[in-house]
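Reviewing the structure listed below.
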Amino acid sequence: MKDMIGCCGLNCTKCGAYVATQTDDDAKREEVAREWTQTHGGSFTADQINCDGCQANGKAPDWVAKMCPIHKCCAGKAQSTCADCTEYACEDLSKFHPAQSDPRKNLDALRK
1 MKDMIGCCGL NCTKCGAYVA TQTDDDAKRE EVAREWTQTH GGSFTADQIN
51 CDGCQANGKA PDWVAKMCPI HKCCAGKAQS TCADCTEYAC EDLSKFHPAQ
101 SDPRKNLDAL RK
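Heads up, the sequence shown is in UniProt numbering, so the first residue is 1 and it goes up one at a time.
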């Protein structure tokens, strides 16, 4: 799988939802749904875990568009990623991904 960078700098190819979708792995979908239910403060089911990346085909999956504040911000500003923003790295991004995290490193590289 080729690297794909999401709005927030996340490498989609390292995301469980993306991997489960691309490999059509229902066990992985179940695993991701359980994990995200615990970590994201929502209730996820395996049938929701289908993602080709938040920028694939010009449209994020509905659950990404609804729950991801970073995606909402980028969409509202008509920007592909946070790296394009004049407010980079804002407080919202800093809360979402700490400065030395892989997603922030991806965004830093896009800004160069």
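Heads up, the beta-carbon is just placed ideally off N, CA and C, and yes, glycines get one too.
Since the structure is predicted, the reported quantities are computational estimates derived from the model, not experimental observations.
C-beta contact flag for residue i and residue j at 8 Å
i: A83; j: L110; result: yes
i: residue 145; j: C73; result: Examination of residue 145 is not possible in this model, given that the chain is present from 1 through 112 alone.
i: D95; j: C85; result: In the sequence under discussion, the amino acid at residue 95 is Lys, which differs from the Asp named in the question. Not a contact, by the Cβ cut-off of 8 Å.
i: A46; j: D26; result: yes
Expected contact under 8 Å - CB spacing of residue i and residue j to nearest Å
i: A33; j: I49; result: 5 Å
Cβ neighbours of residue i in the same chain (closer than 8 Å, five flanking residues each side left out)
i: G42; result: W36, M67
i: N11; result: D3, M4, I5, D102, P103, N106
Residues near residue i in its chain [Cβ-Cβ closer than 6 Å; skip 5 each side]
i: C54; result: G6, C7, A60, V64, H71
i: L93; result: C82
i: E30; result: A46
Same chain, Cβ closer than 7 Å to residue i, five either side skipped, listed in chain order
i: H97; result: C8, G9, P103, R104
i: K28; result: G16, V19, A20
Bridge-paired residues (DSSP) for residue i
i: N50; result: Answer is none; N50 lacks a bridge partner.
i: N11; result: I5
Residue i beta carbon near the ligand MN (any heavy atom closer than 7 Å)
i: Q38; result: As far as ligands go, the structure on display features none, and thus does not contain the ligand MN.
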